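Counting along the sequence shown from 1, when you hit position 93 you're at 458 in my numbering, and nothing is skipped either side.
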Amino acid sequence: MKAVLMTAPGNPEVLQLQEVPDPKIEKDTEILVRLRAAGINPIDTKLRKRGTFYPNQMPAILGCDGAGIIEAVGANVQKFQVGDEVYFCQGGLGAKTGNYAELVVVDERFVARKPASISFAEAAAAPLVLITAWEALYDRGRLEAGRKVLIHAGAGGVGHVAIQLAKLQGADVCTTVGSEEKAEFVRNLGADYPILYKQTDFVQATLDSTKGEGVDLAFDTVGGDIFTQTFPAVMVYGDIVTILEPDSSTNWKVARNRNLRISLELMLTPMAEGMVSAQQDQAKILEQCAGLIDEGKLKIHLSKTFPLEAAAEAHKLLEVGSTTGKIALIID
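Spelled out as structure tokens, the structure:
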């Protein structure tokens, strides 16, 4: 099969299209999927630059997100059959074949049926951000109806999904964006208070929108200084969830004085740690999201697609920043 190999850590040019052996089903619960598309995520670019989780297993095939059609099934596969369309977040960390390829083998327990109403490219762009936003808001943040939430980078991959999930839960949503165009984009997703952070102090704007109290929950998808700058925008005894690792120099004084509950969200942990039950739970999240998508209650915004052989160009675009929604590779 054709696959994009990461030959060594480095710049996007280390991603090279090559012929490699087809993956084989080795366990009776595995399925062989002919991929039609693969999602591009920031974790892919980070692994490409610094090295994978398994540096001794090179070259590697990146890509956690995939969507395609089942081509073969193991002897004990129960949920799926040949011809079924599926989507999933599996592989791509360096140990097993990722999804920048024509074929991939995945355990059926970690896979969900693809939403019927969207393309393979849209489906492939969805899993990582859906699971991340769902776990951050619903599991870590315990978001309930009537609560107020601040979502950073609302026009981004995780952010644009988080806005919709928050609204589905009945929350009021403030969100930071970088332009008027993106402000209109997030309004169309249901955001109540878009904040143009380049022109406005997002903390003051958040406090103004909540009558000085702050939000019940802040969701940080940016990290760095934004994480600590967000503390005063959260109400006393509120929650802040971040998907980035806080810096060792983080000043926790404001968070401590406000009795904030700090939560970390990394949806890759179950896959990296081999936690079968948790991976099954994530597949259930994708099943629920597929239903919401097919009911027209949840949308995946795909801003750009590239052919498989242009994976390096896709990485370059993502690393420029300011992408609205998601990017995906089309695999013919």
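Just so you know, even glycine gets a beta-carbon here, dropped at the ideal spot from N, CA and C.
None of these values were measured; they are calculated from a predicted model.
**OP:** Count the other CB atoms, across all protein chains shown, that sit within 10 Å of the CB of arginine 621; report buried if there are 16 or more and exposed otherwise.
**Re:** In the sequence shown, the residue the question calls residue 621 occupies position 256. Residue burial annotation: arginine 621 is exposed, with fewer than 16 other C-beta atoms found within 10 angstroms of its C-beta.
Original post:
In the stretch 578-621, which residue ranges form an unbroken alpha helix (DSSP H) of at least 4 residues, counting only runs that do not cross its ends?
Top reply: Here the runs fully enclosed are 590-594.
**OP:** With DSSP collapsed to three states, give me the class of serine 482.
**Re:** For this step, residue 482 is matched to residue 117 along the sequence shown. Note: serine 482 maps to coil in three-state DSSP.
Original post:
Which partner residues of lysine 669 appear in the DSSP bridge assignment?
Top reply: For the purposes of this step, residue 669 is taken as the residue at position 304 of the sequence shown. In the DSSP output, where bridge partners are listed per residue, lysine 669 has Ile692.
Subject >> Stretch-stretch touch, CB-based, cutoff 8 Å, three pairs: the stretch 601-610 with the stretch 547-566 >> reply: At 8 Å Cβ cutoff, the stretches do not touch.
**OP:** State the DSSP-derived secondary structure class of alanine 434, mapped to helix, strand or coil.
**Re:** Counted from its first residue, the sequence shown places residue 434 at position 69. Reading the sequence as shown, one finds isoleucine at residue 434 and not alanine. Here isoleucine 434 sits in strand by DSSP.
Original post:
In its own chain, which residues sit with a C-beta less than 8 Å from the C-beta of aspartate 585, not counting the 5 before and 5 after it?
Top reply: Stepping through the sequence shown from its first residue, residue 585 is reached at position 220. Taken in chain order, the residues that qualify are His517, Ile591, Phe592, Thr595, Ile605, Val606, Thr607, Ile608 and Leu609.
Original post:
Would a C-beta distance cut-off of 8 Å place leucine 694 and leucine 667 closer than the cut-off?
Top reply: As a working note, residue 694 is residue 329 in the sequence shown. As a working note, residue 667 is residue 302 in the sequence shown. Their beta carbons are not under 8 Å apart, which means leucine 694 does not touch leucine 667 by this criterion.
Subject >> Reference alanine 373, options Pro420, Lys532 and Arg505, closest by Cα >> reply: Position 8 of the sequence shown, counted from the first residue, corresponds to residue 373. Looking at the Cα atoms, Pro420 is the closest of the given residues.
Subject >> Under the three-state DSSP convention, the category tyrosine 558 falls into >> reply: As a working note, residue 558 is residue 193 in the sequence shown. Strand at tyrosine 558.
Subject >> Boundaries of the alpha helix (DSSP H) in which alanine 531 is found, first to last residue >> reply: To locate residue 531, count along the sequence shown from 1; it is residue 166. Looking at the DSSP string, the run of the alpha helix (DSSP H) that includes alanine 531 is 522-533.
Original post:
Grouping DSSP H, G and I as helix and E and B as strand, with all else coil, what is serine 544?
Top reply: Working through the sequence shown from its first residue, we reach residue 544 at position 179. It is coil, neither helix nor strand.
Original post:
For leucine 515 versus valine 580, is the C-beta distance shorter than 8 Å?
Top reply: Locating residue 515 in the sequence shown gives position 150, where the first residue counts as 1. Locating residue 580 in the sequence shown gives position 215, where the first residue counts as 1. Yes, these two residues count as a Cβ contact at 8 Å.
Original post:
Residues bridged to leucine 412 by DSSP?
Top reply: Position 47 of the sequence shown, counted from the first residue, corresponds to residue 412. DSSP output for leucine 412 lists no bridge partner at all.
**OP:** Kindly indicate the opening and closing residues of the beta strand (DSSP E) around valine 494.
**Re:** Along the sequence shown, read from residue 1 onward, the residue named residue 494 stands at position 129. Counting along the chain, valine 494 falls outside any beta strand (DSSP E), though it belongs to the alpha helix (DSSP H) covering 492-499.
Original post:
CB aspartate 659 to CB alanine 481, shorter than 8 Å?
Top reply: Residue 659 sits at position 294 when you count from the first residue of the sequence shown. Residue 481 sits at position 116 when you count from the first residue of the sequence shown. Their beta carbons are under 8 Å apart, which means aspartate 659 touches alanine 481 by this criterion.
**OP:** Give, in chain order, every unbroken run of the alpha helix (DSSP H) that is at least 4 residues long and sits entirely within the stretch 623-676.
**Re:** Runs of the alpha helix (DSSP H) lying entirely within the stretch 623-676 and spanning at least 4 residues, in chain order: 634-638 and 641-659.
**OP:** With DSSP collapsed to three states, give me the class of tyrosine 452.
**Re:** Here residue 452 corresponds to residue number 87 of the sequence shown, with the count starting at 1. Of the three classes helix, strand and coil, the one that applies to tyrosine 452 here is strand, per DSSP.
Subject >> Candidates Thr497, Glu467, Ala498 and Gly588, of which the one nearest leucine 370 by Cα >> reply: By one-based count along the sequence shown, residue 370 stands at place 5. Put simply, of Thr497, Glu467, Ala498 and Gly588 the residue whose alpha carbon is nearest the alpha carbon of leucine 370 is Glu467.
Subject >> Close-in-space but distant-in-sequence residues of the same chain around isoleucine 665 (CB under 6 Å, 5 per side omitted) >> reply: As a working note, residue 665 is residue 300 in the sequence shown. If we look at isoleucine 665 and ignore the five residues flanking it on each side, its Cβ neighbours are Glu487, Ala490 and Ala491.
Original post:
Taking C-alpha atoms, which residue in Asp697, Val685 and Gly690 lies nearest to threonine 410?
Top reply: On the sequence shown, residue 410 is found 45 positions in, with the first residue counted as 1. Nearest C-alpha to threonine 410 among Asp697, Val685 and Gly690: Val685.
**OP:** With a cut-off of 8 Å on the beta carbons, I'd call alanine 764 and valine 476 a contact; round off their distance for me.
**Re:** Residue numbering for the chain in the displayed model covers 366 to 697; residue 764 lies beyond these limits and cannot be assessed.
Subject >> For alanine 679 and glycine 404, the rounded distance between their alpha carbons >> reply: Here residue 404 refers to the residue found at position 39 when the sequence shown is read from its first residue. Here residue 679 refers to the residue found at position 314 when the sequence shown is read from its first residue. Taking the straight line from one Cα to the other gives about 10 Å.
**OP:** For the beta strand (DSSP E) holding valine 471, just list the boundary residues, first then last.
**Re:** What you label residue 471 is simply residue 106 of the sequence shown in a count that begins at 1. Valine 471 -> beta strand (DSSP E) spans 468-472.
Subject >> Closest Cα partner of glycine 692 within the set Pro611, Arg478 and Val494 >> reply: Along the sequence shown, one-based indexing puts residue 692 at 327. With the sequence shown as reference, residue 692 is identified as isoleucine, and glycine is not the correct amino acid for it. Comparing Cα-Cα distances from isoleucine 692 to each of Pro611, Arg478 and Val494, the minimum goes to Val494.
Original post:
Taking the C-alpha atoms as reference points, what is the distance between alanine 437 and glycine 448?
Top reply: One-based indexing of the sequence shown puts residue 437 at position 72. One-based indexing of the sequence shown puts residue 448 at position 83. Their Cα atoms are separated by approximately 9 Å.
Original post:
Who are the near neighbours of alanine 510 in its chain, counting only those whose CB is closer than 8 Å to its CB and skipping five residues on each side?
Top reply: For the purposes of this step, residue 510 is identified with residue 145 of the sequence shown, where counting begins at 1. Gln534, Gly535 and Ala536, listed in sequence order.
**OP:** May I have the straight-line CA-CA distance separating aspartate 387 from methionine 366, to the nearest angstrom?
**Re:** In the sequence shown, the residue the question calls residue 387 occupies position 22. In the sequence shown, the residue the question calls residue 366 occupies position 1. Between aspartate 387 and methionine 366, the C-alpha separation is close to 5 Å.
**OP:** With a threshold of 16 other CB atoms inside 10 Å of the CB of valine 641, please say whether the residue is buried or exposed.
**Re:** The residue given as residue 641 occupies position 276 in the sequence shown. By the neighbour-count criterion, in which 16 or more other beta carbons inside 10 Å mark a residue as buried, valine 641 falls on the exposed side.
Original post:
How long is the line joining the alpha carbons of asparagine 464 and isoleucine 426, rounded to whole angstroms?
Top reply: Counting from 1 along the sequence shown, the entry for residue 464 is found at position 99. Counting from 1 along the sequence shown, the entry for residue 426 is found at position 61. CA-CA distance, asparagine 464 to isoleucine 426, rounds to 7 Å.
Original post:
Can you tell me whether aspartate 430 is buried or exposed, with buried defined as 16 or more other CB within 10 angstroms of its CB?
Top reply: By 1-based counting over the sequence shown, the position of residue 430 is 65. With 16 or more Cβ atoms within 10 Å of its Cβ, aspartate 430 is classed as buried.
Original post:
Taking the beta strand (DSSP E) that leucine 380 falls in, what are its first and last residues?
Top reply: The sequence position of residue 380 within the sequence shown is 15, counting from 1. Leucine 380 -> beta strand (DSSP E) spans 380-384.
Original post:
Roughly how far, in whole angstroms, is the beta-carbon of glutamate 450 from the beta-carbon of lysine 479, given that I think they are within contact range, below 8 Å?
Top reply: To locate residue 450, count along the sequence shown from 1; it is residue 85. To locate residue 479, count along the sequence shown from 1; it is residue 114. Going by Cβ atoms, the distance from glutamate 450 to lysine 479 rounds to 4 Å, so yes, they are a contact pair.
**OP:** Return yes when the Cβ of glutamine 455 is within less than 8 Å of the Cβ of valine 471, no when it is not.
**Re:** Against the sequence shown, residue 471 aligns to sequence position 106. Against the sequence shown, residue 455 aligns to sequence position 90. Going by C-beta atoms, valine 471 is nearer than 8 Å to glutamine 455.
**OP:** Would you list the residues sitting across from glutamate 395 in a DSSP beta bridge?
**Re:** As a working note, residue 395 is residue 30 in the sequence shown. Beta-bridge partners assigned by DSSP to glutamate 395: Asp472.
**OP:** Give the range of the alpha helix (DSSP H) segment to which alanine 570 is assigned.
**Re:** As a position in the sequence shown, residue 570 is number 205, starting the count at 1. Alanine 570: member of the alpha helix (DSSP H) spanning 567-574, first to last residue.
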